[in-house]
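Residue numbers (the working numbering): 2 to 413. We put the beta carbon where it would ideally sit given N, CA and C, even for glycine. Okay, so here's the structure we're looking at.
Below you can see the structure in the form of structure tokens.
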């Protein structure tokens, strides 16, 4: 199998400390990445990094770079610092409207000159090309909000975000969020009144948009357990109403390891998640494989498929037509705990989709250890996928060769 690596922004570093016991949190270097398809067919990469190369001091700014669709070459020199302020602006999440010219970007902001609480969820809406540093023009969605992600529903922006933090429990006993909310954002950046989606130690909100609905996915704390429950709901931003509000997808959810996207070709939302299989090595948690669901615009689950392997934390699903590519977390891999200073080798899983079925058509092995700061990519053509992964030494890019629609036993 052909594989090509390019390593960017290389740095010799000292690990950043996050938890009280000195465990490394690699998100202190970079956190949040999206590729947005523009009107000219090329892509805009938007990501948060603590400098270039990243230093690991939790002082992220937001960067962007234009990436050619057919000959991609995301480099340190192509990245421009866009939104900058004291402390961290991360994780960043961005989306582009259906017309391909207006970008919505949201982030958790730690600037003490801007926020009254420890953090706030901010939003900025801009047409490309960007001009200057728009930090002062960004709107506060909620002072105290955090962990927000954004999607476009048609030409509108919808932000799904969390509020409050409860100490203890959760991953490495670092705590949990408490409620998740959704907010509509107008083209001029005006933020609507927030709507609570779920409460009771619910957090890490993920979102994807179709032409008229948003699919909301979140995790919820399970008392006396080390795994979460995973829920979803469909939201109509025009009527501000919900479908299947708070429907349970799975018990034994591996914390943070899930993602959602929309697949226009089959008019379905695709959710992929990893399962928790109990205690792993170094006081971590063990991946028990994965599961994928297809959900229609009315909130019905039209397909569900167990997967031998799961999905990497904070990774986006790459879609072309009826093919989906995910960063693979192998069953049995240990995450969290003493594993937080490193990634997990896994490669990719390739899924073939119909409106009523999900099939694994290829698994691409690779010894590169995916980290958990952010992952995204796009198809260069039918058989080449360009990927970018954030890391403690900067963005790592790679092109994979895949076989769309070919079963594993048919691959030479």
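Answer with buried or exposed for residue i, where buried requires no fewer than 16 other C-beta atoms within 10 angstroms of its C-beta.
i: residue 390; result: buried
i: residue 78; result: exposed
i: residue 393; result: buried
i: residue 150; result: buried
i: residue 26; result: buried
i: residue 265; result: exposed
i: residue 249; result: exposed
i: residue 319; result: buried
i: residue 1; result: Because the chain spans 2 through 413 in this model, residue 1 falls outside it and cannot be assessed.
i: residue 133; result: exposed
i: residue 74; result: exposed
i: residue 209; result: buried
i: residue 117; result: exposed
i: residue 403; result: buried
i: residue 110; result: buried
i: residue 72; result: exposed
i: residue 138; result: exposed
i: residue 282; result: exposed
i: residue 194; result: exposed
Report yes if the C-beta distance between residue i and residue j is below 8 Å; otherwise report no.
i: residue 93; j: residue 48; result: yes
i: residue 203; j: residue 226; result: no
i: residue 377; j: residue 348; result: no
i: residue 285; j: residue 278; result: no
i: residue 262; j: residue 299; result: no
i: residue 160; j: residue 240; result: no
i: residue 233; j: residue 196; result: no
i: residue 81; j: residue 66; result: yes
i: residue 124; j: residue 198; result: no
i: residue 97; j: residue 153; result: yes
i: residue 214; j: residue 236; result: yes
i: residue 165; j: residue 145; result: yes
i: residue 112; j: residue 87; result: yes
i: residue 218; j: residue 259; result: yes
i: residue 238; j: residue 185; result: yes
i: residue 141; j: residue 190; result: no
Among residues of its own chain, excluding the 5 on either side of residue i, which ones have a beta-carbon nearer than 6 Å to its beta-carbon?
i: residue 256; result: 172, 229
i: residue 346; result: 368, 370
i: residue 34; result: 48, 375, 377, 391
i: residue 364; result: 350
i: residue 163; result: 147, 148, 178, 181, 204, 206
i: residue 31; result: 50, 55, 374, 391
i: residue 304; result: 295, 357, 358, 359
i: residue 246; result: 234
i: residue 405; result: 324, 383
DSSP has residue i in a bridge; who is on the other side?
i: residue 364; result: 350
i: residue 109; result: 122
i: residue 267; result: In the DSSP output, where bridge partners are listed per residue, residue 267 has none listed.
i: residue 177; result: 167
i: residue 310; result: Paired residues: none, contrary to the question.
i: residue 286; result: 280, 336
i: residue 185; result: 159
i: residue 219; result: 232
i: residue 294; result: 272, 305
i: residue 83; result: Residue 83 is not bridged to any residue.
If I measure Cβ to Cβ from residue i and keep anything under 8 Å in the same chain, skipping five residues before and after, which residues do I get?
i: residue 102; result: 39, 40, 128, 129
i: residue 267; result: 295, 323, 354, 355, 356
i: residue 254; result: 220, 228, 229, 230, 231, 274, 275, 276, 277
i: residue 242; result: 236
Who are the near neighbours of residue i in its chain, counting only those whose CB is closer than 7 Å to its CB and skipping five residues on each side?
i: residue 200; result: 179, 180
i: residue 291; result: 273, 274, 275, 276, 308, 310, 311, 312
i: residue 169; result: 176
i: residue 90; result: 49, 61, 62, 63, 84, 108, 110
- State whether the stretch 345–362 contacts the stretch 40–58, with contact taken as three or more CB pairs (one from each stretch) at a distance under 8 Å. no
- Please confirm if the stretch 52–65 is in contact with the stretch 397–406, defined as three or more CB-CB distances below 8 Å between the two stretches. Contact between the stretch 52–65 and the stretch 397–406 is absent, because fewer than three Cβ pairs lie under 8 Å.
- Between the stretch 327–342 and the stretch 57–72, are three or more C-beta pairs nearer than 8 Å? no
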